[in-house]
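Below is one structure, written out as structure tokens; the observations come after it.
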Amino acid sequence: MATESAHEERRAQAASPAHPGLATRTIGRSTGMQRLRDPAHRPAWLSDLSMLPALVLLIAVLSVITDGLLTPSNITNVLSQSAVVSIAAIGATFVILTGGIDLSTGSVIGASGVAGAWIITSVHSIAAGVVVGLLTGTVIGLVVGVVVAKLPVVPFAVTLAALYVVSGGTTLLSHGRTIAPMPAEFINFGIDGPGGVPYAVWCAVGLYVIGQLSLTRTAWGRRVLHIGANAEVARISGIDVTRTKTSVYAVAGLFSAMAGMVLTSSLAGAGASMGSPLLLSIVGAVVLGGTSLFGGRGSMLRTAIGVLFLGFLSNGMSLLGLPSYDQQIVTGVLIFVAASAEGLLRRLRPRFTRS
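The following block contains the structure:
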């Protein structure tokens, strides 16, 4: 009995104010776990990593069933092949965050690349060609943005029309031919760089940092998120919805143009249709990363994870020897599942809230 009384006394002393350190540590751990469980208090960056376990699992599985997936040369290859998609996906993320969609991304990549390549081969100035290419994409995005923001039309229809107009116009002006060759200094941007990693990959990393900071640390980024969450509430709050939406599509056009110039460097030439096959991967990376197609929720970190997921998936399927059409089926199924899961969660969330 004396021994039990001594134990009880020590437990009481440990829980009493005489031992504040132990009590504080216990409360701190409890509070920290509660914050992680509560979506309202959970750090934003933690939610952005929701697709990271799936990426890690994919890499683990592919590394077991393939040879050479995680070798330095193959990882560099994955990053290099994903550079164009990753840059264009930054602009697509901004558009989707407003609740819109841009189907003209692939054609803008082609148009910007062709415009830049034509100037480079004509006046023999890389700087002039890059400037013209970037301006081409920005102007196309600006025109699309004005139509989407000012007219009562859905972005899907406007950007689909832009896809055909821009693609057809670029093919007409370039006479359907590939503009080449490019200067060696320009080609090296896509295949050479510090540490054996091409400059294009380093450029993509820098652009993601800029994109994330613009989204989270600027008034413009907060306006983009507010419009995606509820455009009418944003308008009542004093946000110029028309101007912000217009700027978002212009920014998307700029990023598509950057992707077009990087692709031109990698291919050592430019053609009107070179960006068209990339549309599925660009939009798919944003969706797979977890950015909501309904707008208002997402980040560049999510998109980066989505890009890496598709990049390793494509590389792994190639190492397995799967034909291109099988790869397209697998990619399409994954994007369909991701989009359907988001819609299902939105429908079930009110039921969970009521219960």
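Numbers 113 to 467, taken from the numbering used here, label the letters of the sequence shown in order. Cβ coordinates follow ideal geometry from the N, Cα and C atoms, glycine included. This one's a predicted model, so the numbers in the text were calculated from it and none came from an experiment.
So, at 7 Å on beta carbons, what are the nonlocal neighbours of residue i in its own chain, with the 5 sequence-adjacent residues on each side left out?
i      : result
Ala292 : Ala380 and Gly381
Ile213 : Val207, Pro267, Phe268 and Thr271
Phe424 : Leu170, Ile171, Leu174 and Val190
Helix, strand or coil for residue i? Go by DSSP, reduced to three states.
i      : result
Ala380 : coil
Ile221 : helix
Ile291 : strand
Met373 : helix
Gly340 : helix
Arg409 : coil
Pro264 : coil
Phe464 : Because Phe464 carries a pLDDT of 47, less than 50, the predicted location of this residue cannot be relied on, and the following value inherits that uncertainty. Looking at Phe464 - three-state DSSP - the assignment turns out to be helix.
Ser86  : Nothing can be reported for residue 86: it is not among the residues displayed for the chain, which extend from 113 to 467.
Leu158 : helix
Ser368 : helix
Ser430 : helix
Asp352 : coil
Ala450 : helix
Val363 : helix
Quick one: Cα of residue i to Cα of residue j, how far?
i      : j      : result
Ser286 : Gly383 : 8 Å
Gln324 : Leu284 : 37 Å
Leu327 : Ala172 : 32 Å
Arg123 : Ser162 : Below a pLDDT of 50, predicted positions are generally treated as unreliable, and Arg123, at 48, falls in that range; the measurement from the model is reported next regardless. If you take the alpha carbons of Arg123 and Ser162, they lie about 40 Å apart.
Ala451 : Leu405 : 8 Å
Gly308 : Cys315 : 14 Å
Leu391 : Ile252 : 17 Å
Pro264 : Glu344 : 14 Å
Ala135 : Leu375 : Because the pLDDT at Ala135 is just 47, under 50, the model does not fix this residue reliably, and the value given afterwards should be weighed accordingly. Each residue's Cα considered, the two are about 59 Å apart.
Thr138 : Leu420 : Because the pLDDT at Thr138 is just 48, under 50, the model does not fix this residue reliably, and the value given afterwards should be weighed accordingly. Roughly 39 Å between the two C-alpha positions.
What is the C-beta distance between residue i and residue j, in whole angstroms, given that I count them as a contact (C-beta under 8 Å)?
i      : j      : result
Gly222 : Gly372 : 7 Å
Tyr320 : Met412 : 5 Å
Ala341 : Gly408 : 3 Å
Glu297 : Ile232 : Glu297 to Ile232, Cβ: 10 Å. No contact.
Ser216 : Val256 : 6 Å
Thr415 : Gly396 : Not a contact, Cβ separation roughly 11 Å.
Ala200 : Val313 : Going by Cβ atoms, the distance from Ala200 to Val313 rounds to 14 Å, so no, they are not a contact pair.
Gly245 : Gly225 : 7 Å
Thr210 : Val360 : 5 Å
Ala364 : Ala204 : 6 Å
Ser377 : Met294 : 7 Å
Gly249 : Leu366 : 6 Å
Taking buried to mean at least 16 other C-beta atoms within 10 Å of its own C-beta, is residue i buried or exposed?
i      : result
Arg329 : exposed
Tyr276 : exposed
His338 : buried
Pro165 : exposed
Phe301 : buried
Pro267 : buried
Ser234 : exposed
Val220 : buried
Val278 : buried
Can you list, in chain order, the residues of its chain whose CB lies under 6 Å from that of residue i, leaving out five sequence neighbours each side?
i      : result
Ala261 : Thr354, Lys357 and Thr358
Ser393 : Val197 and Leu422
Val442 : none
Asn186 : Gly180
Enumerate in chain order the residues of its own chain whose CB-to-CB distance from residue i is below 8 Å, with the five nearest sequence positions on each side excluded.
i      : result
Asp304 : Pro310 and Tyr311
Given the structure, does residue i come close to the ligand PLP, in the sense that its CB is under 6 Å from one of the ligand's heavy atoms?
i      : result
Ser175 : Ligands are entirely absent from the displayed structure, and the ligand PLP is therefore not among its contents.
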